[in-house]
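Residue numbers (our numbering), protein chains in the order written: chain A, 1 to 628; chain B, 1001 to 1459.
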Amino acid sequence: MTYNAGNYDVIVIGAGHAGVEAGVAAARMGAKTLMLTLNLDMVAFMPCNPSIGGPAKGIVVREIDALGGVMGKVIDKTYIQMRMLNTGKGPAVQALRAQADKALYSIEMKKLIENEKNLTIRQGMVEKLIVEDGVCKGVMTETNAAYYAKAVVVTTGTYMRGKVLMGDLEYESGPNNQRPSVKLSENLQELGLELVRFKTGTPPRVNSHTIDYSKTEIQPGDDKPQGFSYETTEFITDQIPCWLTYTNEFTHEVINNNLGLSAMYSGAKRGTGPRYCPSIEDKIVRFNDKPRHQIFLEPEGRDTEEVYVQGLSTSLPESVQHEMVHSIPGLENAEIMRAGYAIEYDSIVPTQLWPTLETKTISGLFTAGQINGTSGYEEAAGQGIMAGINAAQKVFGKEQVILDRSQGYIGVLIDDLVTKGTNEPYRLLTSRAEYRLLLRHDNADLRLTEIGRQIGLITDERYENFQVKQQAVEEEKKRLKKLTIKPSEAVNKIMEEAGATPLKEAIKAYDLLKRPELEYYDIERMIDKNTEISNEVKDQVGIQVKYEGYIKKANEQVERMLKMEDKKVPDDIDYDAISGLATEARQKLKKIRPLSLGQASRISGVNPADISILLVYIEQGHIAKIAN
Amino acid sequence: MMETDTIAAISTPIGEGAIAIVRLTGEDAIQITSKVFKGKNLLEVDSHTMNYGKIMEPETQEIADEVMVSVMRAPKTFTREDVVEINCHGGMVAVNRVLEIVLSEGARLAEPGEFTKRAFLNGRIDLSQAEAVMDLIRAKTDKAMNVALKQMDGRLSGLIQRLRQDLLETVAHVEVNIDYPEYDDVEEMSHDMMRTKTKEVHGEIEELLSVAKQGKILREGLATAIIGRPNVGKSSLMNTLVQENKAIVTEIPGTTRDIIEEYVNVRGVPLRLVDTAGIRETEDIVERIGVERSRQVLKESDLILFVLNNNEPLIDEDLKLFEAIQGLEYIVIINKTDLEQKLDLDKVKELAGERSIVATSLLKEEGVDELEKAIADTFFAGEIDTGDLTYVSNVRHIQLLKKAKKALEDAMEGLELGMPLDIVQIDVTRTWEFLGEIIGDTASDSLIDQLFSQFCLGK
């Protein structure tokens, strides 16, 4: 018998990386929130690589933190290694990556959500949504518990009709042998949502004691203490290295000889796998001229001997996996503790979502994370926080929050998903962002803290610190504009050390900082040192001044883009009534239902002429309204 | 929306009519025109006035055309914005040149139907006509696309595609260094590698642009001047060429100046016969406009037909003309072979060097075939490679090529300044996008496709 198990403002299905962000955000915004998960021992679990961050993804973690999310704080407490990547390149592409202690990350996150006011945690399998008249009213679990809410966020990851594949072995399962979610998937389909089958994979884990590290290259973390969260003040200094080794012709021979045994290569029709995360089988087949491929050995934590063999994602039979692993230098005697496998799962076609992550067909139903066709913990968490925010905003009758493409990678990610869709699991890349010079690791707080504050996720103390920093940056820039540096022996010595041509005429400190060879810290030695500002402020000033020209150019582009975003498409627009639209454009527009002309212009198959026609049509409506 | 920027287009049917009009609308319309206009200060003239003057090439300060400019200030205009109409001479030449000039000064080439769209958006056109506006945009776009497709030379799109692929591979290389910093199968892209690549593509774009100029010559005709002393038979020559060959464009006496142009097609070579200062009237260019001015006219010509009288000995004036055309492309025509030879042929041969000499009797219609052959030979054997001539045809292509070139120059400047490659790459990507607009390929996914097909990436 069904029983009423309680009323909430927001229900979050799932407690993975998307789920915890959604649940915490909604709860902190004041919504009475319920989080349901299949297995409470798997909160924020990392079923694949033990790392968080990297190019683009690391910046997402910073953005989540600037909005008031939790991923950055928890990884800062639990990493075993931290590195800043791309330090030899420009500031726009630098990003942090942490190797995580998987178990500890999960434990810390569980602690965090357990202690969250307004947030109820419960183990349970959701089997269906309660939907009345196109409005989502709650969820029903397999134990016949009916929970009611004003908004529901589905973050089921790769669990929906999950199927594990290894050689000819296949069984229904979520990742890491968790129970799959079968009925919910069927229910979503019944409710009219279009699903698609995707696939991803994971490599074997081996026992650290059985690795001969002397045959590999060490990959240590950075000495410099650094973290994802703007609020982290204590950094872990005791770091654990990763190790690098390579496949070779023997490895490739083993794979080639057994290709027909690979679950993904056996010829059966399978879900689409991501190109950016290919299995080792894919790599050998598609790039058969490569004599070797990199393999990174990544420890899964401090209190475990399991080592993740990055680069060896596979769905070959277990027996072949042994042979393959043993062909690799350093792994000759390695014992596999868990074999690699591929997993197939259902996700929903993301063009069925508004940019708020609410589904278009069912009001109050939000989805976030891998269910939306993405891959990666960071992509999931970024959607999670936005879905949580918008679910709570909806409950409180407040305006929905949409980040545009110039505000964050999160904005790029969601806009790509809902506007263009994806035909493979979607991963963020820096090249997906057209304004990446503005979407930097260093300025995520400057971009998003204000929004986090407005929706109530940023504390007073933090906001105050942020304002102080913001002001310090502006004032220091002003100061540098006023200060003149004259050529002198001391000054030119610093110039020389930095590899810059000596100064001949007096110059403003601000302009001198624009020279590519000079850093803020060089300029600082030529002027009165500002002892009141942090290194973070100095770095920020350095970047803003040095790349001013490029930043300005990018901002001009953004302005043009925003003008198009500001032209809203009315909800009730009837595309069939617009004469002159090309057929393809009409079909796409009817499906995507863009909120603005800007979004419309990014739909493939919608041409500038269609946008012009759409604009004229919309304006006609406006003029008619005014006339009435 | 970008609805306040200034747009420009040729608003009269191309190649027809005695007058062709370049129209601009937008907040900078008057300012842009005034920058290249020699005459009254357009910023100060009254609204709704016609102003006589010249449009000047900004770089060379040469006269592009003699024009009448209508200045109409907002809001009493077709679009309710500031509108300028530049009345040029008919035909293709002047009006295209003027359009290019205003585009290079900051106007944007209008999309099909965009003037009407603006008029509508600014409330100038009745609401009931919105439907018509939408239909117009659609119709004009489809038509423009057909024309563009026709004008798009296979070789041009092939070349652009190759350049784009080159740039795409370069960009993908930079991207792979960024997104997969630990991926060691590929060398880290260096400033030098990037410099080589950008220079290479920049050179190719420059060449395309210079070919574009030549391409224009073929479409519009080689500027051909007929010179010689009075009574040598210049007007007979002009008449013969026009009568013998089908005139492409009928005679258009200019409304405000005294240059008459005739378009003729001589064995596949289009000639624009420039009757400089009216040969027919005075028969004496030197006398009429002075030696200095005539030299200028000669310099602007692509081909000179220099007529001598077989019946008279060489005099000082002939020698002066020989001197004036030194270093230029010319053909010597010895006319009136029906009369007694008094001309010193050996001397003429000596003066002409390797240039062709053709003997004619225009009166008896003799030697005309030989002359036409000489014209064709001169042209086809010349430096201009006719195979490339139809390459870049329309103003839109040229504008995009110029934008691509500028973006690439920004990238090269960044390289010289030592900017990080991921920043330099922003401008390289823009170049790639501009080139893509030429061939109508703006899909942004191709970079990611390239990334994963070029490199074996994965965790």
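Glycine included, C-beta positions come from ideal geometry on N, C-alpha and C.
The alpha-carbon of residue 478 of chain A is positioned some 26 Å away from that of residue 496 of chain A.
Annotation for residue 550 of chain A: the continuous alpha helix (DSSP H) segment containing it runs 548 to 566.
With respect to residue 1205 of chain B, residue 1408 of chain B sits close: the two C-beta atoms are nearer than 8 Å. For the 8 Å CB-CB criterion, residue 390 of chain A and residue 356 of chain A form a contact. Residue 354 of chain A sits in coil when the DSSP states are folded into three classes, being neither helix nor strand.
For residue 85 of chain A, the chain B residues whose Cβ falls inside 7 Å of its Cβ are 1181, in order along the chain. Residues of chain A with a Cβ closer than 7 Å to the Cβ of residue 1141 of chain B are, in chain order, 609. Chain B places no beta carbon closer than 8 Å to that of residue 521 of chain A, leaving this residue out of the contacts.
Contact fails between the stretch 152 to 163 of chain A and the stretch 48 to 68 of chain A, because fewer than three Cβ pairs, one in each stretch, are under 8 Å apart.
Taking 8 Å as the cut-off, the Cβ atoms of residue 1111 of chain B and residue 608 of chain A count as close. The DSSP-derived three-state label of residue 1089 of chain B is strand. Below 8 Å, enough C-beta pairs join the stretch 1330 to 1338 of chain B and the stretch 1348 to 1366 of chain B to call them touching: three or more. DSSP links residue 299 of chain A through a beta bridge to A/307. Closer than 8 Å to the CB of residue 103 of chain A there is not a single CB belonging to chain B. Residue 375 of chain A is positioned such that its CB atom lies closer than 8 Å to that of residue 200 of chain A. In this chain, the alpha helix (DSSP H) harbouring residue 319 of chain A covers 318 to 326.
Relative to residue 308 of chain A, the option among A/602, A/71, A/207 whose CA is nearest is A/207. One finds nothing in chain A with a Cβ atom closer than 7 Å to the Cβ of residue 1412 of chain B; even the nearest lies about 15 Å away. About 6 Å separates the beta carbon of residue 1343 of chain B from that of residue 1308 of chain B, a gap short enough to meet the 8 Å contact definition. Under the three-pair Cβ rule at 8 Å, the stretch 163 to 183 of chain A counts as touching the stretch 334 to 348 of chain A. With the criterion set as a beta carbon lying under 8 Å from some beta carbon of chain A, the members of the stretch 1415 to 1431 of chain B are 1417, 1418, 1419, 1420, 1421, 1422, 1423, 1426, in sequence order.
Less than 8 Å divides the Cβ of residue 1171 of chain B from the Cβ of residue 1447 of chain B. In the structure shown, residue 37 of chain A falls within a strand segment according to DSSP collapsed to helix, strand and coil. Look at residue 599 of chain A here: in three-state DSSP terms it is helix. It is roughly 32 Å from the alpha-carbon of residue 435 of chain A to the alpha-carbon of residue 234 of chain A. At a cut-off of 8 Å, the C-beta of residue 616 of chain A has a neighbouring C-beta in chain B.
In the three-state reduction of the DSSP assignment, residue 142 of chain A falls in the coil class, being assigned neither a helical nor a strand state. DSSP, read as helix, strand or coil, puts residue 99 of chain A in strand.
The residue from A/397, A/619, A/95, A/214 with its alpha-carbon nearest to that of residue 570 of chain A is A/619.
Counting only runs of 3 or more residues that sit fully inside the stretch 1315 to 1349 of chain B, the beta strand (DSSP E) segments are 1330 to 1335, in chain order.
Taking 9 Å as the upper bound on Cβ-Cβ separation, chain A lies near no residue of the stretch 1041 to 1068 of chain B.
Taking 8 Å as the cut-off, the beta carbon of residue 328 of chain A is found no closer than this to the beta carbon of residue 310 of chain A. At least one beta carbon of chain A lies nearer than 8 Å to the beta carbon of residue 1134 of chain B. At a cut-off of 8 Å between beta carbons, residue 199 of chain A makes no contact with chain B. Near chain A, meaning a CB-to-CB distance below 8 Å, the residues of the stretch 1109 to 1131 of chain B are 1111, 1112, 1113, 1114, 1117, 1120, 1121, 1123, 1127, 1130, 1131. Residue contact with chain B for residue 410 of chain A: absent (no Cβ-Cβ distance below 8 Å to any residue of chain B).
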